[in-house]
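Chemist: Be aware that the sequence shown starts at 178, since it is given in the working numbering, and climbs by one per residue. Take this structure, written in structure tokens, and hold onto it; I'll ask about it next.
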Amino acid sequence: MVEEGTGRARTIRNQARDVYGTLVQVGELHGDLHVHVTPDPTGVVVPLVGLDQATPEFFVGRDREGAELLAVLAPDKAAPEALVVCAGMGGIGKTALARHACDTAVQRGWFTGGALMVDLRGYASDGHVVAAARVFGPLLRGLGVAQEKIPGDPGEQAAVYHQILDTLAREGKPVLLVLDNVSAGAQVRDLLPRQKVHRAVLTTRETLALPGARPFELDVFPVPEALDMLGRALLRADPEDPRVGRDPEAAHHLVDLCGRLPLALEITAALLAEDPDLSFADLADELDRAASKATVLRHGDRAVAAAFDLSWRRLQSRAPTAARLLGLLSLPAGIGLSTDAAAALAGVEPATARPDLRRLRHVHLLSLTDGHWRMHDLVNAYVRERFDAGQLAGPGETADETGLAALRRLLEFYARTAADADTSLTEDGPVGRFRDREGAVAWFERERLSLIGAIEFGGTLSRPRLRYDLADALCPFLARRHYVSDRIAVARHRVDAAARLSTDRRVLAHRHLGWALKAAGRFDEAVAAHRRAVEVSDPGQTGDDALNELGLALRNALRYEEAIEVFRQLVDRGRATGRRRTMAMARSNLASVLSATARHEEALTERQAAVGLWRELDDKAELGAQLNGLGMALLALGRPEGVGLLREAVETSAEAGDRNAESTAQENYCMVLAHTGQPRLAIAEARRSLARFRAVGEPHWISEAHLVLGQTLTRTGKLAAAFRAYQQAIDTSRAAGDRFAEGEYLIVLSDALSSAGRRSEAQAARAKAVEIFRELGDPFRGGLAEGPPHTPSPAESPPTLHSVHGGPGCCLLGLLAVGTGGYFTVREVGWWWLLAGLSALLLLAPAATSALRALQEGPRAWLQQAMTNPIPPEVAQSPARYPAFTSDGAHARAGGMSCLPVLLVTALSWYVGERWRGPEAGAATALAAFTVLTTVRLRLFAHRARTTRRPPRP
């Protein structure tokens, strides 16, 4: 009894907590009161006799959980935990696990004082639970106390009970007590042993706060265990059941429909066993079409719905606000919600929703995983059925009205928060709830699947603008993280939502779909999406942008003539309307397509015009990208002023803050320096670029700079340092959570390792890249990455002037060797051997001249072939932007012989000749061998220099 207030305002309120049995509360009583009371049930105690003597029961799986439970039950006097609370939702298999583990422990002889199990009926349908006072007597009888020695008073029974447990503990006879179906801590607190030698196991659907207890929460079966249970249950009924193993796909589907809940699987197996003609697929189809799976899963007196009924009724009576929240959470089926999102769904503050969410978790109707509240599929179906029946509708509302209002609140919350997160990705400082960019990225990553689910169910809410805005905010994040499948799905929903919105939004939605399809390598579908954007656009700047994107999509699909026609049409449109930006954009892209079709002079004209237009428009971001293209075009035509333009492109892009254009220009600049005999300058420029990007502090561009450094080092033959740079690029991307970039860099590393002959490491790196792309839902790049590591051929990387393995070095060594040999030959054997040496030089001279000429012409030919490469970056030899580089040492191995083998064979020839016929024969044999081998080497070198095809970045 609680007294509140004073004086006339004083009220008296009765409270009853944890009362078991019948309770009558009366305000004023006039006359007689007749109460018919059903006596409290008495606990039925069952001894545990061990697996070898117990009646065989069907038990499958739970190997890990069973081992952990037995580890706690093991007879260790120093064990810190003597009490195990095995908790989980109804039908999860708590009792089966506890009985199986405890029977095993008894069979092992661990509990010589006795092992007893009692059902406390905490979730009985009639509401009559077993109180502790009704259990002491049966427990004393189970422990061997004669009936005449058991007191009649429950308090005295409790005293005797604990005296017996204390005596058994001192005698070294541990007791095991299994208390099944406990609904509250007060129900068992007086029953628990007080000596650590004894053990107690509780099963409950609640989260009980008991001192010293080891919590042990059960979840649904993993898929393999669920399939095993279904199959073994059928074989138990009929060892020759032909359905087991016949249709694995249908069995998987049936297991999924049961939510891998042990009770549901057992009932499903019973339904199949009693109808041998019922196939897995037919029963799965029946469950698919059922309004409530929980209702269909019934066999005899066992039913999934019945297991949930008990928890549902208790929840409604004890926590109605939590029951209403659970009903609302069943509406966005399959979506995990954060606490803030759940509060928005319910229309309350997070602080108000949090206690109810905890309550639902405590009764195991919700689980909290990765910060998201989730409901088992069968629980969701059961609760949704109650919600649709109007049990949880708001005052004066139907279930549909309550549900629609809740889902709209959730969609508004997501759209508003996603917009703030998207803004925070591009702006410094706090935006809304986000303090910085990292917080926004983390929120998008956590909520990605929930946001996509909200966009999907948003189609039923007649709120196209909200749905469009949410997709608009989510798309940039999906693009940055390269979630290809998710990006396509969201883009399609965006197109659907935009159908009832403005023209600009419809155009942008189709363009985003095209970009998403291009990222997946579905180029023809991307062309169709961009063509649709052109069809719905107006003739203004929006239409120009759409037409430009169509041209780019055609280029990516290798439909060059169509792309040229589109860009020329766009140039004419820009000239007619006076829109110089349109003209500049069209001429830039037209130049890239003309280069791809080997029309270099036309491409150069268009590129120069585009650069002039961008200078007039003072658009430094675009200007930097076009200076890069112009520099490469000039170099492809053998005009060295292209190198200076590449340097200007780097500086202009850096000034404009365009990291992508800066990285691209820097890579091309370093590449050209390395291939024109300036390795030290190339490496210095790459390191300077890395320092700049580190100062910016953006992990993605730091990774890109490491990659450029690695490729520059590889080109200059410094393989060990190059591999370290590649690994730093991979590590930086992994730390930043950029899985796509990590996958790309792994492929580049794989190709470089393969070129160096480290095949096993290359295959491991490529396998990891394939795994990453599959996790990202990118089948296009995953399929490309599945190929073997790429080993560059001699034609894929040009020779360099600084190569000590190539022709010039070999030629100089050869001339030195021949001159020295000629001098000593004249001294020792006469002038006619000198004439032979001069003849050898006449053979070597054409080969050496050819090699030196190839060194001059090689970079020009290489750039021309690179600029006309008909394969766009997305479909190059690897899913990375470009194939890997190889070292000069690898060039020599691929090209034929290096200097060392030539010299070794020459020395061996001299030794054999000298031993055979004396010094004269030795000199002649050595000279002949050296002449032939060096001539072949120089010819191979010249061939490689003229046929190189290593593409730069576009």
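Beta carbons: idealized from backbone N, C-alpha and C, even for Gly.
Going along the chain, which unbroken runs of the alpha helix (DSSP H) with 4 or more residues stay wholly within the stretch 786-855?
Modeler: Here the runs fully enclosed are 797-813, 818-833 and 836-852.
Chemist: Short check: CB of G314 to CB of I327, under 8 Å?
Modeler: In this structure, I327 lies closer than 8 Å to G314 by Cβ.
Chemist: Compare the Cα-Cα distances from A461 to each of E242, P453, T445 and P370 and report the closest residue.
Modeler: When each option's Cα is compared against that of A461, the closest is T445.
Chemist: Report yes if the C-beta distance between A882 and L867 is below 8 Å; otherwise report no.
Modeler: Their beta carbons are under 8 Å apart, which means A882 touches L867 by this criterion.
Chemist: Contact between the stretch 711-726 and the stretch 676-684: three or more CB pairs below 8 Å?
Modeler: Verdict: yes, contact present.
Chemist: To the nearest angstrom, how far is it from the Cα of R708 to the Cα of G580?
Modeler: Whole-angstrom Cα-Cα distance: 39 Å.
Chemist: Using the Cα positions of A831 and R871, report the straight-line distance between them to the nearest angstrom.
Modeler: If I take the Cα positions, the gap works out to 13 Å.
Chemist: Could you tell me the boundaries of the beta strand (DSSP E) in which S544 lies?
Modeler: Note, S544: beta strand (DSSP E), S544 to T546.
Chemist: Report buried or exposed for E818, applying the criterion of at least 16 other Cβ atoms within 10 angstroms of its Cβ.
Modeler: Under this definition E818 is an exposed residue.
Chemist: The beta strand (DSSP E) spanning H659 covers which residue range?
Modeler: Looking at the DSSP string, H659 is not in any beta strand (DSSP E), and its letter there is neither H nor E.
Chemist: Quick one: any contact between the stretch 397-407 and the stretch 353-365, if contact means 3 or more CB pairs under 8 Å?
Modeler: Result no; under three Cβ-Cβ pairs closer than 8 Å.
Chemist: How big is the Cα-Cα spacing for H979 and G854?
Modeler: Residue placement at H979 is flagged as unreliable, the pLDDT there being 31, under the threshold of 50; a coordinate-derived value is accordingly withheld.
Chemist: Nearest CA to the CA of G389: which residue from L379, R409 and A259?
Modeler: When each option's Cα is compared against that of G389, the closest is A259.
Chemist: Would you mind giving the Cβ-Cβ distance between L628 and Y660, rounded to the nearest angstrom? I have them listed as a contact below 8 Å.
Modeler: That pair is no contact at about 11 Å.
Chemist: Which residue's Cα is closest to the Cα of A815: H777, A851, M848 and R758?
Modeler: Strictly speaking, residue 815 in this sequence is Gly, with Ala absent from that position. Of H777, A851, M848 and R758, the residue nearest in Cα terms is H777.
Chemist: Given this structure, state the Cα-to-Cα distance separating Q904 from T893, to the nearest angstrom.
Modeler: Those two C-alpha atoms are separated by around 18 Å.
Chemist: Taking a contact to mean a Cβ-Cβ separation below 8 Å, would you say T891 touches A859 in this structure?
Modeler: Cβ distance not < 8 Å, so T891 and A859 don't count as in contact.
Chemist: Work out the CA separation of T529 and S515 for me, nearest whole Å.
Modeler: One C-alpha to the other measures close to 14 Å.
Chemist: Which term fits Y922, buried or exposed, when burial requires 16 or more other beta carbons within 10 angstroms of its beta carbon?
Modeler: Y922 should be labelled buried.
Chemist: For I269, I'd like the list of residues in its chain whose CB is within less than 6 Å of its CB, leaving aside the five on either flank, ordered along the chain.
Modeler: Around I269: L395.
Chemist: Taking its Cβ as the centre, do 16 or more other Cβ atoms sit within 10 Å of V221, making it buried, or is it exposed?
Modeler: With fewer than 16 Cβ atoms within 10 Å of its Cβ, V221 is classed as exposed.
Chemist: Report back the beta-carbon spacing between R732 and F917 to the nearest angstrom; my notes put them in contact at under 8 Å.
Modeler: Rounded, the Cβ-Cβ distance is 22 Å, inconsistent with contact.
Chemist: Give, in chain order, every unbroken run of the alpha helix (DSSP H) that is at least 4 residues long and sits entirely within the stretch 383-437.
Modeler: Runs found: 400-414 and 425-434.
Chemist: What distance in whole Å lies between the Cβ atoms of L293 and P145, which are believed to be in contact at a cut-off of 8 Å?
Modeler: Here the chain has residues from 178 to 1131 only, and residue 145 is not among them.
Chemist: Give me, in chain order, the residues of the same chain whose beta-carbon lies closer than 6 Å to that of A510; leave out the 5 immediate sequence neighbours on both sides.
Modeler: Result list for A510: N557, in chain order.
Chemist: I'd like the list of long-range same chain contacts for I949, defined as Cβ closer than 8 Å, with 5 residues on each side in sequence excluded.
Modeler: Contacts found: R916, F917, E919, G920 and L923.
Chemist: Only counting the same chain, and skipping five residues up and downstream in sequence, which positions put a Cβ closer than 6 Å to that of I512?
Modeler: Excluding residues within five positions, the ones whose Cβ falls inside 6 Å are S627 and G630.
Chemist: As a quick exercise: from L886, P419 and E578, pick the residue whose alpha carbon is nearest that of R864.
Modeler: Taking only the C-alpha atoms, the option nearest R864 is L886.
Chemist: For V743, which option in R764, T754 and E839 has the closest C-alpha, if you only look at C-alpha atoms?
Modeler: The candidate whose alpha carbon is nearest that of V743 is R764.
Chemist: Does any C-beta atom of chain C lie closer than 8 Å to the C-beta of E463?
Modeler: Annotation note: the requested chain C is absent from the structure, which comprises a single protein chain.
Chemist: DSSP puts D296 in a beta bridge; with which residues?
Modeler: In DSSP, D296 forms a bridge with D357.
Chemist: Mind checking which residues open and close the alpha helix (DSSP H) that includes R551?
Modeler: Per DSSP, R551 belongs to no alpha helix (DSSP H); it is in the beta strand (DSSP E), H549 to R551.
Chemist: Among Q372, K695, V261 and S360, which one has its Cα closest to the Cα of R347?
Modeler: The candidate whose alpha carbon is nearest that of R347 is Q372.
Chemist: Quick check on V214: does DSSP put it in helix, strand or coil?
Modeler: Its pLDDT being 45, under 50, V214 is placed unreliably in this model, and the coordinates cannot settle the point.
Chemist: Within the chosen definition, does the stretch 330-337 reach the stretch 275-287 through at least 3 CB pairs nearer than 8 Å?
Modeler: Because the criterion of three Cβ pairs below 8 Å is not met, the stretch 330-337 and the stretch 275-287 do not touch.
Chemist: Name, in chain order, the residues that DSSP records as bridge partners for L380.
Modeler: First, the amino acid is wrong: residue 380 is Thr here, not Leu. The partner list for T380 (beta bridge, DSSP) reads C263.
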